[in-house]
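What follows is a set of notes on a single structure, which appears directly below.
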């Protein structure tokens with residue numbers, strides 16, 4: 003077995019909006035699943051450099067000196083330099099866009115283009131494919147113009163590949179200044195032979211498609227560069243065919259060095275719903291917001307007794323969780339898991355996320371039809387029936403269910419947004435509006451009575467508990483209480499004091515105080531760290547929030563990518579890149595951008611409202627600051 007030593011956060015992210023690849027700084031592609039994000043890994047060297055498979059590039063006498071994305075794209079450019087030689091390697095998953103209309107389509111090709119810019123370069127590239135996470139031995143055969151692997155992919159290029167003594171395909175080319183080569187893997191159809199001219203055409207087409215999409219990203223405020231990069235990352239995580247957003251493109255990257263918290267995140271978590279819709283709407287990408295919401299609504303339209311917290315991009319349950327004992331794990335972190343058992347959990351927050359997302363979208367577009375609104379009504383009724391029950395909660399604990407304060411908060415969100423949605427769409431007479439309003443008030447009173455501890459002056463993680471967790475930071479972000487309410491301020495203080503680290507990071511909880519069924523250490527949670535930024539803005543502490551925001555964004559490295567967690571030494575941990583983290587970054591930036599004026603938090607919504615109905619910046623669908631007229635402050 004071979005442990006990957008490349009730090010998680012040092013990888014680059016490639017995507018064609020159907021699958022993804024990760025590339026290490028030395029030019030090794032160490033992750034590729036086919037034919038989609040959650041398919042079997044063709045390359046999984048990030049989990050085991052020997053048995054997982056990888057695709058290397060080497061330039062004799064040169065080393066990679068700089069990496070960047072070409073413009074606002076996911077085309078990676080790596081500059082290799084040595085004595086008298088300079089080579090540019092471009093890595094990409096090729097995409098295109100329709101001549102008319104929106105959307106991006108994939109070509110099903112992973113490309114590596116090598117350009118000699120000065121001197122003479124001797125370039126070698128070897129593809130050590132290990133299909134199905136290394137469980138199937140590779141088998142290559144010569145075909146006209148390339149090499150075909152038994153599981154389907156076709157390797158071609160200019161020059162053509164050959165089989166090395168190891169049985170793995172390789173390229174070897176001598177380039178003079180101004181000359182180029184292309185190495186191409188048709189992972190989708192296994193029939194496309196690509197030469198230099200077509201490879202360069204696909205590069206140009208891919209750059210054009212990404213730039214056309216990114217040009218519609220409408221944001222020039224605080225942290226604009228990080229927000230734009232986050233938007234592009236999110237688009238790369240959005241499955242084009244279904245409209246669903248996966249949590250991350252990877253599986254089993256550890257949340258602590260050599261620890262057991264290693265999970266498969268290549269699926270769709272509905273807890274991302276409201277932030278996904280809100281972020282895409284705020285940044286000018288209404289189509290992506292709508293496609294994701296309709297993915298959710300298709301699921302809600304089925305006869306189900308509860309809303310599962312996670313699904314695959316094809317709207318089916320994720321595969322059953324299993325361990326891959328033959329893989330060493332990243333940095334020796336085991337077990338290596340694929341599939342995810344969270345599907346069977348009851349997570350009450352899902353209902354609130356869906357209604358929050360729907361309200362945001364309807365206020366901004368007015369596009370929801372009668373059938374879709376009826377589907378949402380069934381979600382509301384499910385929440386009314388189930389909110390009294392304990393659940394596994396946002397953190398997906400693998401221990402006994404409990405009454406999480408955050409879960410009850412989102413039950414309130416579900417009923418609160420349902421009332422607003424009915425009023426927005428003029429359906430007051432078609433739904434049990436009075437009953438919904440009373441249920442929302444009942445849940446709210448329940449949270450204030452059982453989720454708040456007067457002795458400590460803060461909300462607590464679960465009813466009857468004494469400890470806090472990072473999910474409590476969402477109380478002001480969801481409009482449950484004003485950001486400067488003493489109960490909120492007391493909660494922020496406890497979270498920062500008890501879970502904060504070095505003045506900029508926040509842990510989601512203390513594993514010693516929270517029985518999550520695992521019990522081992524983990525890194526600081528970047529979602530919670532950005533949530534504290536947003537909460538501080540709403541508390542009137544914008545300078546402190548800005549300082550934290552800059553430090554967090556600075557940890558994203560040269561490529562602007564963020565994982566789920568952060569180690570004490572600043573290295574990134576967990577699956578990568580993580581949608582939830584980039585969504586929280588966007589939310590924090592937008593809140594900071596409006597920090598000079600409380601009403602400015604919703605200025606963009608008022609502008610949109612002049613055209614249609616408007617939508618809010620703060621996590622939630624409000625188009626204006628909510629007051630005691632439509633919210634009890636307890």
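In our numbering, the protein residues as written are 3 to 636. We treat Cβ as the ideally placed atom computed from N, Cα and C, and that holds for glycine.
query: Own chain partners of residue 523 with C-beta closer than 6 Å, once the 5 adjacent residues on each side are dropped; result: 258
query: Residue 265 versus residue 249 - alpha carbon distance; result: 11 Å
query: Closest residue to residue 200 among 115, 507, 367 (Cα-Cα distance); result: 115
query: Identity of the residues DSSP links to residue 159 by a beta bridge; result: 185
query: Reference residue 158, options 168, 173, 169, 167, closest by Cα; result: 173
query: Residue interval of the alpha helix (DSSP H) (run including residue 107); result: Note, residue 107: premise wrong, no alpha helix (DSSP H); beta strand (DSSP E) at 107-120.
query: C-alpha distance - residue 108 paired with residue 191, whole-angstrom precision; result: 12 Å
query: Selected residue, minimal CA-CA separation from residue 591, among 254, 567, 538; result: 538
query: Whole-number beta carbon distance between residue 68 and residue 81, since they are thought to touch under 8 Å; result: 5 Å
query: Three-way DSSP call (helix, strand, coil) for residue 410 in this model; result: helix
query: Rounded C-alpha distance that separates residue 178 from residue 134; result: 38 Å
query: Sheet register partners of residue 83 (DSSP bridge); result: 65, 88
query: Collapsed DSSP secondary structure at residue 624 in the structure displayed; result: At residue 624, the pLDDT of 43 sits below 50, so the modelled position is not reliable and the matter cannot be decided from this model.
query: Check whether residue 378 and residue 357 have beta carbons under 8 Å apart; result: yes
query: Residue span of the alpha helix (DSSP H) that contains residue 536, given as start and end; result: 528-540
query: 4 or more residues per run - each alpha helix (DSSP H) lying fully within the stretch 448-511; result: 476-479, 488-501
query: Per DSSP, the bridge partner or partners of residue 151; result: 142
query: Closest by C-alpha distance to residue 467, when choosing among 455, 126, 183; result: 455
query: 6 Å Cβ shell around residue 149 - same chain, five flanking residues per side excluded; result: 142, 157, 163, 171
query: Check whether residue 18 and residue 113 have beta carbons under 8 Å apart; result: no
query: Beta-carbon separation (whole angstroms), residue 414 vs residue 393, contact threshold 8 Å; result: Not quite, the Cβ-Cβ distance comes to about 14 Å (not below 8 Å), so this is no contact.
query: Rounded distance between the beta-carbons of residue 215 and residue 237, thought under 8 Å; result: 6 Å
query: Test item: CB-CB of residue 132 and residue 53 under 8 Å; result: yes
query: Pairwise C-alpha distance: residue 50 and residue 327; result: 11 Å
query: Rounded C-alpha distance that separates residue 562 from residue 587; result: 11 Å
query: Opening and closing residue of the beta strand (DSSP E) in which residue 175 lies; result: 171-178
query: Per DSSP, cross-strand counterpart(s) of residue 353; result: The partner list for residue 353 (beta bridge, DSSP) is empty, contrary to what the question assumes.
query: Pair within 8 Å by beta-carbon distance, residue 462 and residue 384; result: no
query: Reduced DSSP category for residue 196 - H, G, I as helix; E, B as strand; rest coil; result: coil
query: Supposed close pair residue 231, residue 351 - CB separation, criterion 8 Å; result: At roughly 28 Å, the Cβ-Cβ gap does not stay under 8 Å, so residue 231 and residue 351 are not in contact.
query: Sufficient close CB pairs (3 or more, under 8 Å) joining the stretch 488-499 to the stretch 467-477; result: yes
query: CA-to-CA distance, residue 42 to residue 154, given in whole angstroms; result: 12 Å
query: Sub-8 Å separation of residue 381 and residue 302 beta-carbons; result: yes
query: Nearest neighbour of residue 183, chosen from 83, 245, 119, 152 [CA to CA]; result: 119
query: Same chain, Cβ closer than 7 Å to residue 697, neighbours up to 5 away in sequence not counted; result: There is no way to answer for residue 697, as the model of the chain reaches only from 3 to 636.
query: Nearest-angstrom Cα separation, counted from residue 555 out to residue 247; result: 22 Å
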